[in-house]
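Trainee: Residue 120 in this note's numbering sits at position 120 of the sequence shown, and the numbers go up by one each step. Virtual Cβ for every residue (Gly too), placed ideally from N, Cα, C.
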Amino acid sequence: MTADSLVLVANAGEGSISVFRCDGDSLQRLSVTQGLTGCSNFAVDTERNLVHAAVKGDPAGIVTLSLDRESGQLEQVGRVDLPQGGMNYLWLTRGATALLGAAYGAGYGITAPVDGTTVGAPVSTVEFPNLHSVATSSDGRFAYFVSLGADLVAQYALADDLTLTPLASETVAAPEGSGPRHLIFNKAEDTLYVLTEFSGEVLRFNRDTATGELTAVDATSSVDPDADLQQGVLGGDPLDEHAIWGADIHWGAGQNHLWVSERTESTLAAVGVAADGSLTPPSDYVVTETQPRGFATSADGRLLVAAGERSTEVSLYAVDGDQLQLLDRAETGKGANWVRFV
């Protein structure tokens, strides 16, 4: 984390992205860019200072914005329409020349080329109910889509032309009713972890780095046992039902902990990760911004910024092992739900 790092936050409730300067112990808001209807996620091309932001509307689409690192200003430089429905998760790969997306409401995933500031029309699509996230291996050879509605991870080879070919087994099952949501690789990419929305578990999959194939290993709870949360269900009201409502997952320093957020109790917690990849439940739960759908950790894992869907502020924390120290809070906007360090 450098002294001039930026933090970008999507405020879906007001259709904006806030840009902050982070000096290590405080956040300074530099700009707020409006006119990004329903923007709940984006992907950042750090080499070209471009932000690809998913927007809703008729039609929905992906808007490309140039980022001025000094002023924090964002300026639209491109757009591609997505008449099938808007994206809930975007991912860049192959030096930011390829973009993948997952659409929750429309139930489809895409691959698309990126040429400079232009995102092309989708090349390949896959369909599963309630797709919630997507990621590729760092070499861009394999892609993984997570379906919350079907309780699975779909796995594909990603060709040079961005077409998707199913691996020997196209899908790997998650526990029934668990609602797999967001995913993250370890550094060696021989393990994939998936946070579930309804059971609040971190699922562990072994990954064959040669073939890309996943194998389910086990699951570890990330939920506060003293909170008396019930199992969540698709289509339920987690607040009325006091149900588990898992959201986001990111690495801490040294990949010794996986930080996760839970929205009903508005908590952040650290799942322990052993050298062999096995997991241990959190020992502490930190109440943060209300309904923390999105948060992010810095590249070195020593800082964490959390946003809340029912808060207009973000919190900056110092991370020490499985502990958080609040350093600063700053105004962002309504419905904040996606955070990235740049």
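Quick one: what does DSSP say A253 is sitting in, helix, strand or coil?
Mentor: Position 253 of the sequence shown, counting from 1, holds the residue named residue 253. DSSP places A253 in helix when its eight states are reduced to three.
Trainee: Would you kindly check if the distance between the Cβ of D328 and the Cβ of D25 is under 8 Å?
Mentor: On the sequence shown, residue 25 is found 25 positions in, with the first residue counted as 1. On the sequence shown, residue 328 is found 328 positions in, with the first residue counted as 1. Cβ distance < 8 Å, so D25 and D328 count as in contact.
Trainee: With 16 other CB atoms within 10 Å as the buried threshold, where does A102 fall?
Mentor: By one-based count along the sequence shown, residue 102 stands at place 102. It counts as buried.
Trainee: When DSSP builds the beta bridges, which residues end up paired with F142?
Mentor: Residue numbering aside, residue 142 sits at position 142 when the sequence shown is read from its first letter. For F142, which the question treats as bridged, DSSP gives the partners A157.
Trainee: On the CB-based measure, 16 or more other CB atoms within 10 Å of its CB, does L50 come out buried or exposed?
Mentor: In the sequence shown, the residue the question calls residue 50 occupies position 50. Its Cβ being crowded by 16 or more others within 10 Å, L50 is buried.
Trainee: If you follow the beta strand (DSSP E) that A307 is part of, which residue opens it and which one closes it?
Mentor: Walking along the sequence shown from the start, residue 307 turns up at place 307. First-last of the beta strand (DSSP E) with A307: 303-307.
Trainee: Since I believe V273 is in contact with L279 (beta carbons under 8 Å), could you give me their beta-carbon distance rounded to a whole number of angstroms?
Mentor: Residue numbering aside, residue 279 sits at position 279 when the sequence shown is read from its first letter. Residue numbering aside, residue 273 sits at position 273 when the sequence shown is read from its first letter. That pair is a contact at about 6 Å.
Trainee: Check the DSSP bridge columns for A53 and list the partner residues they point to.
Mentor: Walking along the sequence shown from the start, residue 53 turns up at place 53. According to DSSP, A53 bridges with F42, V63.
Trainee: Kindly identify the DSSP beta-bridge partner or partners of D218.
Mentor: Locating residue 218 in the sequence shown gives position 218, where the first residue counts as 1. Looking at the DSSP assignment, D218 forms a beta bridge with R204.
Trainee: Just tell me which of P122, D237, R207, V271 has its CA closest to the CA of D284.
Mentor: Here residue 284 is taken as the residue at index 284 of the sequence shown, counted from 1. Of the candidates P122, D237, R207, V271, the one whose C-alpha sits nearest the C-alpha of D284 is V271.
Trainee: Thinking C-beta only, is W91 closer than 8 Å to A135?
Mentor: Here residue 135 corresponds to residue number 135 of the sequence shown, with the count starting at 1. Here residue 91 corresponds to residue number 91 of the sequence shown, with the count starting at 1. Yes, the Cβ-Cβ distance between A135 and W91 is below 8 Å.
Trainee: Could you tell me whether the Cβ atoms of T220 and V202 are closer together than 8 Å?
Mentor: Translated into the one-based positions of the sequence shown, residue 220 becomes position 220. Translated into the one-based positions of the sequence shown, residue 202 becomes position 202. Yes, these two residues count as a Cβ contact at 8 Å.
Trainee: So what's Q84 in DSSP terms, helix, strand or just coil?
Mentor: Here residue 84 refers to the residue found at position 84 when the sequence shown is read from its first residue. Q84 falls in the coil class under three-state DSSP.
Trainee: Below 8 Å on the Cβ atoms is my guess for L30 versus G15; work out the distance and round it to an integer in Å.
Mentor: Translated into positions along the sequence shown, residue 30 becomes position 30. Translated into positions along the sequence shown, residue 15 becomes position 15. Rounded, the Cβ-Cβ distance is 18 Å, inconsistent with contact.
Trainee: Need the endpoints of the beta strand (DSSP E) that N11 sits in, please.
Mentor: Position 11 of the sequence shown holds residue 11. Segment 5-11, the beta strand (DSSP E) holding N11.
Trainee: If you measure between the beta carbons of V342 and T97, is that distance less than 8 Å?
Mentor: Taking the sequence shown and counting its residues from 1, the one referred to as residue 342 is at position 342. Taking the sequence shown and counting its residues from 1, the one referred to as residue 97 is at position 97. No, these two residues do not count as a Cβ contact at 8 Å.
Trainee: Using DSSP with H/G/I as helix, E/B as strand and the rest coil, what is T193?
Mentor: Here residue 193 refers to the residue found at position 193 of the sequence shown. Reading off the sequence shown, one finds Tyr at residue 193, where the question assumed Thr. Strand.
Trainee: Give the straight-line distance between the Cα atoms of Q34 and I17, rounded to the nearest whole angstrom.
Mentor: Taking the sequence shown and counting its residues from 1, the one referred to as residue 34 is at position 34. Taking the sequence shown and counting its residues from 1, the one referred to as residue 17 is at position 17. The straight-line gap from Cα to Cα measures roughly 7 Å.
Trainee: Give me the residue from H250, D160, E262 with the minimum Cα distance to T243.
Mentor: Mapped onto the sequence shown, residue 243 falls at position 243. The question names Thr, yet the displayed sequence has Ala at residue 243. A243 has its Cα closest to that of E262, out of H250, D160, E262.
Trainee: For Y317, which of helix, strand or coil comes out of DSSP?
Mentor: As a working mapping, residue 317 is identified with position 317 in the sequence shown. Y317 falls in the strand class under three-state DSSP.
Trainee: CA-CA distance, D85 and G78?
Mentor: Locating residue 85 in the sequence shown gives position 85, counting from the first residue. Locating residue 78 in the sequence shown gives position 78, counting from the first residue. The amino acid occupying residue 85 in the given sequence is Gly; Asp does not appear at that position. Near 18 Å, if we compare the C-alpha coordinates of G78 and G85.
Trainee: Mark Q291 as exposed unless 16 or more other C-beta atoms lie within 10 angstroms of its C-beta, in which case mark it buried.
Mentor: Along the sequence shown, one-based indexing puts residue 291 at 291. Its Cβ being crowded by 16 or more others within 10 Å, Q291 is buried.
Trainee: With DSSP as the reference, label L162 as helix, strand or coil.
Mentor: As a working note, residue 162 is residue 162 in the sequence shown. In this structure, L162 counts as coil in the three-state DSSP scheme.
Trainee: For A336, which residues of its own chain have a beta-carbon under 6 Å away from its beta-carbon, when the five flanking residues on both sides are left out?
Mentor: In the sequence shown, counting from the first residue as 1, residue 336 sits at position 336. For A336, where only same-chain residues beyond five positions count, the Cβ hits under 6 Å are V9, N11, A307.
Trainee: Suppose contacts are defined by Cβ-Cβ distances below 8 Å. Is S40 in contact with W338 by that definition?
Mentor: Indexing the sequence shown from 1 puts residue 40 at position 40. Indexing the sequence shown from 1 puts residue 338 at position 338. For S40 and W338, yes; Cβs fall inside 8 Å.
Trainee: Tell me where the beta strand (DSSP E) around V134 begins and ends.
Mentor: The residue labelled residue 134 in the question sits at position 134 within the sequence shown. Counting along the chain, the beta strand (DSSP E) containing V134 begins and ends at 131-136.
Trainee: Verify whether the separation of the beta carbon atoms of V126 and G109 is less than 8 Å.
Mentor: Locating residue 126 in the sequence shown gives position 126, where the first residue counts as 1. Locating residue 109 in the sequence shown gives position 109, where the first residue counts as 1. Yes, they are a contact pair.
Trainee: Counting C-beta neighbours from all protein chains within 10 Å, is the total for A265 16 or more, i.e. buried, or is it exposed?
Mentor: Taking the sequence shown and counting its residues from 1, one reaches residue 265 at position 265. Per the sequence shown, the amino acid found at residue 265 is Glu instead of Ala. Per the 10 Å Cβ criterion, buried.
Trainee: Where does the unbroken beta strand (DSSP E) through G101 begin, and where does it stop?
Mentor: On the sequence shown, position 101 is the one that residue 101 refers to. Per DSSP, G101 belongs to the beta strand (DSSP E) from 98-103.
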